[in-house]
Amino acid sequence: MAGDRRINGRLLARLVGDGAQGRPYYLAVGRAIGGLILDGRVPTHTRLPAERDLATALGVSRNTVTAAYAWLRENGYLDSRQGAGSWTVLPDSGTAAASPFVPQAEHIDLGVAASPAVEGLQEAARRAVEQLPAHLGKLGYTPRGLPELRHAVARRYVERGLPTTPDQIFVTNGAQHGVSLLMDLLLEPGDTVLVESPTYPHALECARRAEARIRTLGVTSDGWDMESAADAFRQWRPKAAYLIPDFQNPTGALMDDDERAAVVREAKRAGTSVIVDETVAELAIDSGDQPAPMAAYDTDGRVFSVGSVSKLLWGGLRVGWVRTTPPMVERLMAARQRVDISSPLLDQLIVTRLLADVTRIRAERSTGLRRGRDALVGLLRERLPGWRFTTPSGGLVLWVALPQPIAGALCEAALRHGVHPAAGPVFGTEGTLERYVRLAYTQPPEVLEEVVDRLSEAYGEAMARPAPMHGELYL
945 MAGDRRINGR LLARLVGDGA QGRPYYLAVG RAIGGLILDG RVPTHTRLPA ERDLATALGV
1005 SRNTVTAAYA WLRENGYLDS RQGAGSWTVL PDSGTAAASP FVPQAEHIDL GVAASPAVEG
1065 LQEAARRAVE QLPAHLGKLG YTPRGLPELR HAVARRYVER GLPTTPDQIF VTNGAQHGVS
1125 LLMDLLLEPG DTVLVESPTY PHALECARRA EARIRTLGVT SDGWDMESAA DAFRQWRPKA
1185 AYLIPDFQNP TGALMDDDER AAVVREAKRA GTSVIVDETV AELAIDSGDQ PAPMAAYDTD
1245 GRVFSVGSVS KLLWGGLRVG WVRTTPPMVE RLMAARQRVD ISSPLLDQLI VTRLLADVTR
1305 IRAERSTGLR RGRDALVGLL RERLPGWRFT TPSGGLVLWV ALPQPIAGAL CEAALRHGVH
1365 PAAGPVFGTE GTLERYVRLA YTQPPEVLEE VVDRLSEAYG EAMARPAPMH GELYL
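Under this note's numbering, think of the first position of the sequence shown as 945, with each following residue one higher.
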């Protein structure tokens, strides 16, 4: 059906940009727009501009745009109705379903972005057990979180440049728990939620469970198009937005301070609550000042910062938090009673001790991730030079563009070679992103060398029998 979002000719022409190369030009324009739809940068169900408007913006004849739109319709990227205009859709790619986004113990797992436990965790656990007697005479429930932990998390926000008090911290069982609780509180069935494309797949599932109308904002490894972001807030006026500004998952992009301020400004104008996923905010690899948390630009409590220790410390510690206003902490505490009562006390004691040593831990994580990232980047450039990517300045993953839309076929072949990557469509809303795979670089360099050899073999197999393509889009 026709969508409720429009894109004007000037913005679409700018997105097409240098992507429209080759002759005949109508085909180049069609290819470029089709690529934008596949990559999620122009969402599905978006009304395209009138042919005359796009022709004016591109500086070409109307006949050229008419032919480009006809090519898009013929190849399944555009649907049109008399008097209703034309809107974007996805063709049937004919590819296999994406690999499940779950750990694969029998393979070398590049699909789940997680590191082994940080050094010092065992000692912290021992010391935490020694503290237990002081709590055994009590009930053991901490509905808002252990006071000591809330102090430690608040102190870390202060160190990052965001004044925070312990009564603004609500402790959860990991970041996903916090995102789920917030979407339950902020969204009613039928409300619009804005998410990035690509994005973290489990957050998408939270939005679907809330029966929200999901609308997308394209992001690439080079970052966010802020004009498109402003347009999305103004057109859709979403009830909530879920964003990952710090080493975005999966693209690795980092939003700068001006962009964060602009997002909060647009959210305020639109009346939108913003859920900010800071799961990997502490995982900078390259030196340099990091942007302030997005909540630093919030003046009315609409930004909810969700953090976790699973990526910094260890995935086995299911401790996260939401930074918000004290009244919202009380609402979150009441909402969680439907699913649980409290986070594990022993885990909270361990995390409290480790956060006291966060400077050392961040430095050690950065060193280890730098080794893995640089090894994977070098190996891919040497052995798979047709794969394109931007080296991220932090985080855990590399977002790789393939020469052809064969992510599903590649991941199936890779599994046969004992490697589990994550196919791009896992991170999209409607089957987009078949040209991408996400590769975690949390394995040691010697393991990554073996991984790239196996990926190279799998790629050869996938290319030998690629999925059917539409028209000449990828020639």
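Glycine included, each C-beta is placed from N, C-alpha and C at the ideal position. Remember, predicted model here, so these are calculated numbers, not experimental data.
- At a Cβ-Cβ threshold of 8 Å, residue 953 and residue 1000 count as neighbours.
- The C-alpha of residue 1249 lies about 19 Å from the C-alpha of residue 1194.
- At a cut-off of 3 residues, the continuous stretches assigned as beta strand (DSSP E) that sit fully inside the segment 976-1036 are 1022-1025 and 1029-1032.
- When C-alpha distances from residue 1210 are compared across 1246, 1121 and 956, the shortest belongs to 1246.
- In the three-state reduction of the DSSP assignment, residue 1334 falls in the coil class, being assigned neither a helical nor a strand state.
- Under the three-state reduction of DSSP, residue 970 is assigned to helix.
- Beyond the five residues adjoining it in sequence on each side, residue 1087 comes within less than 7 Å, by CB distance, of 1277, 1285 and 1286 in the same chain, given in chain order.
- Of the residues assessed, residue 1094 falls on the buried side of the cut-off, its CB having 16 or more other CB atoms within 10 angstroms.
- Just so you know, the alpha carbons of residue 970 and residue 1010 end up roughly 8 Å apart.
- Comparing alpha carbon positions, the residue from 978, 1275, 1225 and 1003 closest to residue 1336 is 1225.
- Excluding sequence positions up to five before and after residue 1181, its CB lies within less than 6 Å of the CB of 1214, all in the same chain and listed in chain order.
- Per DSSP, residue 1311 lies in no beta strand (DSSP E); the unbroken alpha helix (DSSP H) holding it starts and ends at 1302-1327.
- Contact between residue 1382 and residue 1343 holds: their C-beta atoms lie close to 6 Å from each other, under 8 Å.
- Ranked by how close their Cα comes to the Cα of residue 1159, the residues 1153, 1168, 1170 and 1135 have 1135 in first place.
- Below 8 Å, too few C-beta pairs join the segment 1139-1153 and the segment 1350-1365 to call them touching: fewer than three.
- A straight-line Cα-Cα distance of about 10 Å links residue 1074 and residue 1293.
- CA-CA distance, residue 1371 to residue 1141, rounds to 7 Å.
- By the C-beta density criterion, residue 1083 is exposed, having fewer than 16 other C-beta atoms within 10 angstroms.
- In this structure, DSSP gives residue 1285 a state outside helix and strand, which the three-state scheme calls coil.
- Collapsing the DSSP output to three states places residue 1380 in a strand.
- Within the model, the alpha-carbon separation for residue 1353 versus residue 987 is close to 24 Å.
- Restricting attention to 1378, 1291 and 1111, the CA atom closest to the CA of residue 984 is found in 1378.
- Here the C-alpha atom of residue 1150 lies approximately 7 Å from the C-alpha atom of residue 1123.
- Each of 1121, 1338, 1300 and 1345 was checked against the Cα of residue 1315, and the nearest Cα belongs to 1338.
- According to DSSP, residue pairing for residue 1186 in a beta bridge involves 1139 and 1219.
- Taking all protein chains in view, the Cβ of residue 1311 is surrounded by fewer than 16 other Cβ atoms within 10 Å, so the residue is classified as exposed.
- A straight-line Cα-Cα distance of about 25 Å links residue 1402 and residue 1164.
- Residue pairing of residue 1146 in beta bridges, as defined by DSSP: absent, with no partner found.
- Within the same chain, Cβ atoms closer than 8 Å to the Cβ of residue 1236 are found at 1104, 1105, 1106, 1201 and 1204, the five residues on either side in sequence being excluded.
- Shown here for residue 1405: same chain residues with a beta carbon closer than 7 Å to its own, the five before and five after excluded, namely 1357 in chain order.
- Around the beta-carbon of residue 1192, 16 or more other beta-carbon atoms lie within 10 Å, marking it buried.
- Judged by beta-carbon spacing, residue 1057 lies within the 8 Å limit of residue 1340, meaning their Cβ atoms are closer than that value.
- DSSP places residue 1126 in the helix class (H, G or I) of the three-state scheme.
- Rounded to the nearest whole angstrom, the C-alpha separation of residue 1014 and residue 1366 is 34 Å.
- With respect to the 8 Å criterion, residue 1167 and residue 1254 are not classified as neighbours on the basis of their beta carbons.
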